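In this note's numbering, the protein residues as written are 426 to 693.
By construction, the Cβ of each residue, glycine as well, lies at the ideal position given by its N, Cα and C atoms.
Source: prediction; values computed, not measured.
A short worksheet on the structure shown next.
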């Protein structure tokens, strides 16, 4: 593979990741704003969510130019670009991309999620923007740590069990079923960690009883909207990224490189 060919492929990687990231951003940004505003008391959860969608529809240019779009686009566009670029690099060097892609997407997604969480807490919090306490960062990092462990450790194990017990030994079907279900089920655990960061920011002097009371409030509504949030990046986004990448490569007369199964870390 010559240098020009490699640069074309990296260009495709960036273009596909950028477009796929933009496609999933509206729903995700509406969910994250709703969670932040509900946590601060500025707006009710679903009222904020649907209000954001109406705002996007009535003033799309203003939305696309705003920070709410930019932060979410940074997360998912950056994650998809990282995955694509590592895959191309490893394929060119005839290396197994699984571990490098996991490291690249985990690092990119976690760092950009923390940046976004800080910004959303300040934009949609209950007080004048101030410094985010370290304990809030700890809550968000714990969310991502738990997510990484489950997303990458559990699906193969659970998938094999499902295949053996319920799917006539079809391990691919078992794996994909587990990969879809587990991130959704995990929201029952990670949603409180996500919201705890906002609670610490909005109420830095709160007691343990205050924290527990806050997390109990609207628990099921918060979990349900977090489940809605997981669908775009884990299904539509990853599929769209792959299809866009394949189509752009074909349009440039470049054959796809054979690599291993895609690995992403999408948490936040």
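Practice prompt. Would you mind working out which of 612, 539 and 599 sits nearest residue 575, comparing C-alpha positions?
Written response: The residue among 612, 539 and 599 with its C-alpha nearest the C-alpha of residue 575 is 612.
Exercise for review: Would you check if the distance between the CB atom of residue 539 and the CB atom of residue 566 is smaller than 9 Å?
Suggested key: The answer is yes: Cβ separation under 9 Å.
- Query: Is the distance from the Cβ of residue 670 to the Cβ of residue 437 below 9 Å?
  - Reply: Yes.
| message | Suppose the cutoff is 6 Å on Cβ atoms and the five residues either side in sequence are ignored; what does the same chain contact list for residue 547 look like? | response | So the list reads 554, once near-sequence residues are dropped.
Using 10 angstroms around the beta-carbon of residue 626, count the other beta-carbons present and answer buried if the total reaches 16, otherwise exposed. Flag for residue 626 reads buried.
- Message: Assuming residue 643 and residue 478 are in contact, meaning their beta carbons sit under 8 Å apart, how far apart are those beta carbons, in whole angstroms?
- Response: With 8 Å as the limit, residue 643 and residue 478 do not qualify as a contact, their Cβ atoms being about 19 Å apart.
| query | If you draw a straight line from the alpha carbon of residue 446 to that of residue 502, how long is it in whole angstroms? | reply | It is roughly 4 Å from the alpha-carbon of residue 446 to the alpha-carbon of residue 502.
For this session: Under 7 Å Cβ to Cβ from residue 439, same chain only, skipping five residues before and after it: list those, please.
Result: Excluding the 5 residues flanking it on each side, residue 439 has same chain C-beta neighbours closer than 7 Å at 506, in chain order.
* Can you name, in chain order, every residue of its own chain whose Cβ lies under 6 Å from the Cβ of residue 588, other than the five neighbours on each side? -> Around residue 588: 594, 595, 596 and 599.
### Query
Where does the unbroken alpha helix (DSSP H) through residue 511 begin, and where does it stop?
For residue 511, the enclosing alpha helix (DSSP H) covers residues 492 to 517.
Checklist entry - residue 615 and residue 572 look like a contact to me (Cβ under 8 Å); what is the Cβ gap, rounded to whole Å? => result Their Cβ separation, rounded to whole angstroms, is 6 Å, which keeps residue 615 and residue 572 in contact under 8 Å.
Item to check | Which listed residue (481, 491, 514 and 482) has its alpha carbon closest to that of residue 432 | outcome: Of the candidates 481, 491, 514 and 482, the residue whose Cα lies closest to the Cα of residue 432 is 514.
Residue 685 versus residue 521 - alpha carbon distance: Low confidence applies to residue 685: its pLDDT is 46, below 50, so where it sits in the model is not reliable, and the reading given next is rough at best. Residue 521 has its alpha-carbon roughly 7 Å from the corresponding atom of residue 685.
ask   = Do the CB positions of residue 496 and residue 467 come within less than 9 Å of each other?
value = Taking C-beta atoms as the reference points, residue 496 and residue 467 fail to come closer than 9 Å.
| request: Determine the contact status of residue 579 and residue 559, defining contact as a CB-CB distance below 9 Å. | output: The answer is no: Cβ separation not under 9 Å.
- [ ] Please report the Cβ distance between residue 618 and residue 564, rounded to the nearest whole angstrom; I am assuming they are in contact, meaning their Cβ atoms lie under 8 Å.
- [x] Contact holds; Cβ gap of about 5 Å.
Exercise for review: Indicate whether residue 473 and residue 458 have their beta-carbon atoms separated by less than 9 Å.
Suggested key: Their beta carbons are under 9 Å apart, which means residue 473 touches residue 458 by this criterion.
Relative to the C-alpha of residue 550, which candidate in 525, 464 and 663 has its C-alpha closest? Closest by C-alpha distance to residue 550, out of 525, 464 and 663, is 464.
| said: Going by beta-carbon coordinates alone, are residue 533 and residue 494 separated by less than 9 Å? | reply: Note that the C-beta distance between residue 533 and residue 494 is not below 9 Å.
Distance between beta carbons of residue 528 and residue 654, contact taken as under 8 Å: Actually they do not touch by this definition, with Cβ atoms about 24 Å apart.
### Query
Among residues of its own chain, excluding the 5 on either side of residue 677, which ones have a beta-carbon nearer than 8 Å to its beta-carbon?
Excluding residues up to 5 positions away in sequence, 433 and 437 lie with their Cβ nearer than 8 Å to the Cβ of residue 677 in the same chain.
Exercise. Give the C-beta separation of residue 508 and residue 526 to the nearest angstrom, bearing in mind that I take them to be a contact with Cβ-Cβ under 8 Å.
Key: Rounded to the nearest angstrom, the Cβ distance from residue 508 to residue 526 is 6 Å, consistent with a contact under 8 Å.
- Task: Quick one: using the 10 Å Cβ neighbour count with 16 as the cut-off for buried, is residue 657 buried or exposed?
- Result: It counts as buried.
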